[in-house]
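*Asks:*
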Amino acid sequence: MVNEEKSLNFLEEIVEEDIHTGKHGGRVLTRFPPEPNGYLHIGHAKSIVLNFGLAQKYGGKTNLRFDDTNPVTEETEYVESIKNDIKWLGFQWAEELYTSDYFDTLYGYAVKLIEKGLAYVDDSTSEEIAASKGTPTESGKPTPYRDRSTEENLRLFEAMRDGKYPDGAKVLRAKIDLANPNMHLRDPLLYRIKHAHHHRTGNNWCIYPMYDFAHGQSDSIEQITHSVCTLEFVPHRPLYDWLIEQLEIFPSRQYEFARLNLNYTVMSKRKLLQLVNERYVESWDDPRMPTISGLRRRGYTPASIRNFCERIGVAKRENIIDVGLLEFCIREDLNKTAWRRMAVLDPIKLIITNYPEDNQEILVGENNPEVEGGEGERDIPFSRELWIEREDFMEIPPKKFFRLAPGLMVRLKHAYIVKCEDFVKDTAGNVTEVHCVYIPESKSGEDTSGIKVKGTIHWVSVPHAKTVEVRLYDRLFNVENPAADENFKTTINPDSLQIIENAYIEPDLLNAVPGKGYQFIRKGYFTLDTKSTPENPVFNRTVTLRDTWAKESQKD
RNA sequence: UGCCCGAUAGUAUAAUGGUAGUACGACAGAUUUUGGUUCUGUUUGUCUAGGUUCGAAUCCUGGUCGGGCAACCA
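At position 165 of the first sequence (counting the first as 1) the number is 165 in UniProt numbering, and the numbers step up by one without a gap.
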């Protein structure tokens, strides 16, 4: 038997080692700690899959903790969207927690630090503090307030809490080492004054802890065993550890991995917010956005996103993943699950000259050829006049063109073989009609014609066709790494959205179910848009099918 | 030019001192009533210079390159 043991990523190795050595009694508790100031994106999905996946794999649990220490940017709207996205991805947290739940405890920790002589109230301005921190090559200098007595610090900190000072008048700083080569250890700020309404604590507080004084302590309060975050927090780890040690609280450990970057998109919340605010996209859930809600509206499935996150791996090396891999993952999923339907996006008329004018037939087509039994079938009306795709006819075809051209034959999917005999152009030279004859004995399923054709094309019966709006999406940016551009918005792809107001669909597609993916045969995967209504159906293209002909035809 | 992190095919990711493997991509072929799917095959890689060792992607040293750090953001 071949040993198919899957290799572990470095975090799984750490966890296995900890379990092996009996650390925390083998307990595994992770957390996913979003700040509720924006929508979750595919990069968060990587973190979610990692944190929840780690816990699941080793019999542990994961908390959802909102890191809500900055009341100015945080809103309940974001809390709700974040919870919704996590659930949609298929994960369930053990406890829903908020850093703001710990404000009292955190305040107590600050007092303890002051009492130990390890924190002081500083009256300096923001600029003065920045200047006194020195530079990476030059050590910092103490401000005039560094050596206040414990009593004075205690009194002032309490006064800060009691609202005696305006925003920015004072801060609480840790007293560590102004000469430390790690800038984060040069007396970092612990608390600042913000007379602001907090989405959960209202006006109870006018001082709020900084990230560094909240995150690690929250981990510790919850007894998180493995606190997983991204690489930019590596230099914060010594401070994380220092606070835990000085406060003598549960020793959570922080581990860092490289965040996900995807080419042809941006991932920072700030930039995504700009795209929304400046109307480059419709909203946070615009199908071109790399947000979870955008991907969902685009037609991505939870399984495809989870799968993607597992395939990209986890390491500490900076990376830029090809969106092609994301597209592979959704095609892989939808190929197995999407029901097949026919739709013509850019129509020209095909007339079967030897088919009786008043005749029509009801043909059948399987729903899903990837599944035994096809998951049932649907009726497809057929008649003398059909819509076909403009690109499926060429007056003068190149070599290896397996579609319609004068004298060429194709099969109409689920129907008959037809032979092109003629075509009609308008005054502008555009082909408007293709005239064919059909082979009556070549009907799908009962073909006795013996004719073999290379190509099969999709179609929709003209008198039975329904009209819908179809939205085709392309990458939002024209360059691989838009964030590298000083003004990333100049690299936006002006053609990222193409709206087809009148696409023709086979009648059964009117029964499409929201949230389900459909393959428009030969065109791609589509799903109903959230704004679609029975009166005005709108389909979003999730992703095209792989198109080797497009590549072939572009050669030479 | 202070500190920290990293460097394996085009992109990611394994190999934990002992045959450099996997996925996606690319290329070629087979199958196909979707130029889809599926299947088969091919291609391409250890940043660099030394050192340790019977043996180095792996350990050590120097260098190069990339990224991060001096927000009352997280």
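Note that the Cβ used here is the ideal one computed from N, Cα and C, for glycine as well.
Per DSSP, C420 is paired with what?
*Replies:* DSSP, once it has assigned bridges, lists C436 as partnering C420.
*Asks:* By how many angstroms is the C-alpha of R296 removed from the C-alpha of E357?
*Replies:* So the two alpha carbons sit approximately 44 Å from each other.
*Asks:* In angstroms with no decimal places, state the Cα-to-Cα distance between L272 and N70.
*Replies:* Cα to Cα, the separation comes out at about 19 Å.
*Asks:* On the three-state DSSP scale, how would you describe W549?
*Replies:* Three-state result, W549: helix.
*Asks:* Out of curiosity, what's the CA-to-CA distance linking P537 and V468?
*Replies:* The alpha-carbon atoms of P537 and V468 are separated by roughly 5 Å.
*Asks:* Between which two residues does the alpha helix (DSSP H) carrying G324 extend?
*Replies:* Start and end: 323-337.
*Asks:* By the three-class DSSP mapping on this structure, what secondary structure does G163 have?
*Replies:* Coil, per DSSP.
*Asks:* Given a cut-off of 9 Å, decide if L350 and E433 are closer than it, judged by their beta-carbon atoms.
*Replies:* Yes, Cβ-Cβ distance for E433 and L350 is below 9 Å.
*Asks:* Leaving out the 5 sequence neighbours to the left and right, which residues in its chain are closer than 8 Å to Y102 when beta-carbon positions are compared?
*Replies:* Closer than 8 Å at the Cβ level, and outside the excluded window around Y102, lie A214, Q217, S218, I221.
*Asks:* Can you pull the DSSP bridge partners for Q519?
*Replies:* R340, Y525, per the DSSP bridge assignment.
*Asks:* Opposite L404 in the DSSP bridges: which residues?
*Replies:* Answer is F393, bridged to L404.
*Asks:* Excluding the 5 residues preceding and the 5 following T489 in the sequence, name in chain order all residues of the same chain whose CB lies nearer than 6 Å to its CB.
*Replies:* With the sequence shown as reference, residue 489 is identified as Lys, and Thr is not the correct amino acid for it. So no residue of the chain qualifies.
*Asks:* Which two residues bound the contiguous beta strand (DSSP E) that contains Y208?
*Replies:* Start and end: 207-209.
*Asks:* R317 to H41, Cα distance in whole Å?
*Replies:* Near 20 Å, if we compare the C-alpha coordinates of H41 and R317.
*Asks:* Going by DSSP, which residues form a beta bridge with T456?
*Replies:* Paired residues: R411.
*Asks:* Looking at the secondary structure, which residues open and close the beta strand (DSSP E) in which N303 lies?
*Replies:* The displayed chain sequence assigns Ala, not Asn, to residue 303. Premise fails: A303 lies in the alpha helix (DSSP H), 302-311, not in any beta strand (DSSP E).
*Asks:* Do you know how far the Cα of R311 is from the Cα of S304?
*Replies:* So the alpha carbons of these two residues sit roughly 10 Å apart.
*Asks:* Assuming R192 and Y208 make a contact with CB atoms under 8 Å, what is their CB distance in whole Å?
*Replies:* Sure, about 6 Å apart at Cβ, within 8 Å.
*Asks:* In the structure shown, what three-state DSSP assignment does H468 receive?
*Replies:* One point to set straight first is that residue 468 is Val, not His, in the sequence displayed. In this structure, V468 counts as strand in the three-state DSSP scheme.
*Asks:* Report the residue ranges of all beta strand (DSSP E) runs contained in full by the region 119-206; include only those spanning at least 3 residues, in chain order.
*Replies:* 119-122, 171-174, 189-193, all fully within the region 119-206.
*Asks:* To the nearest angstrom, how far is the alpha carbon of V171 from that of P36?
*Replies:* Computed Cα separation, rounded: 24 Å.
*Asks:* If you run the structure through DSSP and keep just helix, strand and coil, what is A214?
*Replies:* Three-state DSSP puts A214 in a helix.
*Asks:* Kindly identify the DSSP beta-bridge partner or partners of I500.
*Replies:* According to DSSP, I500 bridges with V470.
*Asks:* Quick check on I505: does DSSP put it in helix, strand or coil?
*Replies:* Strand, per DSSP.
*Asks:* Under 8 Å by Cβ, that's how I've got D392 and I451 pegged, so tell me the actual separation to the nearest angstrom.
*Replies:* No, D392 and I451 are not in contact; Cβ-Cβ is about 18 Å, not under 8 Å.
*Asks:* On a CA-only basis, which of P181, T62, H197 is nearest T73? Give me that one, please.
*Replies:* The shortest C-alpha separation from T73 is found at H197.
*Asks:* Can you grab the Cα-Cα spacing for the pair T135 / S126, in whole Å?
*Replies:* Approximately 16 Å, taken between the alpha carbons.
*Asks:* Report the residue from T225, T491, R155 whose alpha carbon sits nearest the alpha carbon of Y120.
*Replies:* Closest option to Y120, Cα to Cα, is R155.
*Asks:* Look up S383 in the DSSP assignment and give the residues it is bridged to.
*Replies:* DSSP output for S383 lists Q360 as bridge partner(s).
*Asks:* Assess, as a yes-or-no matter, whether the region 131-145 is touched by the region 227-234 under the definition of 3 or more beta carbon pairs within less than 8 Å.
*Replies:* No: fewer than three Cβ pairs fall under 8 Å.
*Asks:* What do you reckon, is the C-beta of G450 under 8 Å from a heavy atom of the ligand FMN?
*Replies:* No copy of the ligand FMN appears in this structure; indeed no ligand is present at all.
*Asks:* For residue 634, which beta-bridge partners are listed by DSSP?
*Replies:* Given that the chain is displayed from residue 1 to residue 556, the structure contains no residue 634 and the question cannot be resolved.
*Asks:* Quick one: using the 10 Å Cβ neighbour count with 16 as the cut-off for buried, is P440 buried or exposed?
*Replies:* Its Cβ having fewer than 16 others within 10 Å, P440 is exposed.
*Asks:* If we call anything under 9 Å between Cβ atoms a contact, is K399 one with M409?
*Replies:* Cβ atoms of K399 and M409: not closer than 9 Å.
*Asks:* Would you kindly work out how many angstroms separate the C-alpha atoms of R390 and R331, rounded to a whole number?
*Replies:* Cα to Cα, R390 sits roughly 25 Å from R331.
*Asks:* Which value, in whole angstroms, describes the spacing of the CA atoms of L190 and Y109?
*Replies:* Rounded to whole angstroms, L190 to Y109 spans 11 Å at the Cα level.
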